[in-house]
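Going by our numbering, the residue at position 9 of the sequence shown is 9; the numbering climbs one at a time, nothing skipped.
Glycine included, C-beta positions come from ideal geometry on N, C-alpha and C.
In this text, all values refer to a predicted model and were calculated from it rather than measured experimentally.
First the structure, in the form of structure tokens, and then the observations on it.
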Amino acid sequence: MEYQVEHISWQTANVKDAIFDADVTELYGGAFAPFLQAKPYSACFAKGSEITVRIGKKIAVDPALPVSPLL
């Protein structure tokens, strides 16, 4: 699915030392654990705002392309 997200411009800043302390498997599932438990290559901070998420649309997929499931 693809969702259009709308929001005002956010103020952002680079982060020198990022810490992500969470039970990744519990929150996102085991397939994401290796990626979210590794040290990040880069990180930023964003002062966010309210957002609008539009109704999702199916993404067209070329059946000739190989698909590799996460799970």
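Delimiting residues of the alpha helix (DSSP H) encompassing residue i
| i | result |
| --- | --- |
| Phe-45 | Premise fails: Phe-45 lies in the beta strand (DSSP E), 44-47, not in any alpha helix (DSSP H). |
| Ala-33 | 33-36 |
| Glu-26 | 24-28 |
Opening and closing residue of the beta strand (DSSP E) in which residue i lies
| i | result |
| --- | --- |
| Gln-11 | 11-14 |
Beta carbon of residue i nearer than 8 Å to that of residue j
| i | j | result |
| --- | --- | --- |
| Gly-74 | Glu-2 | This structure leaves residue 74 out entirely; the chain is present only between 1 and 71. |
| Thr-25 | Ala-18 | no |
Selected residue, minimal CA-CA separation from residue i, among the options
| i | options | result |
| --- | --- | --- |
| Lys-47 | Thr-12, Ile-8, Gln-4 | Thr-12 |
| Ser-9 | Pro-34, Ser-49, Ala-43 | Ser-49 |
Three CB pairs or more closer than 8 Å across the stretch 47-65 and the stretch 21-30
no
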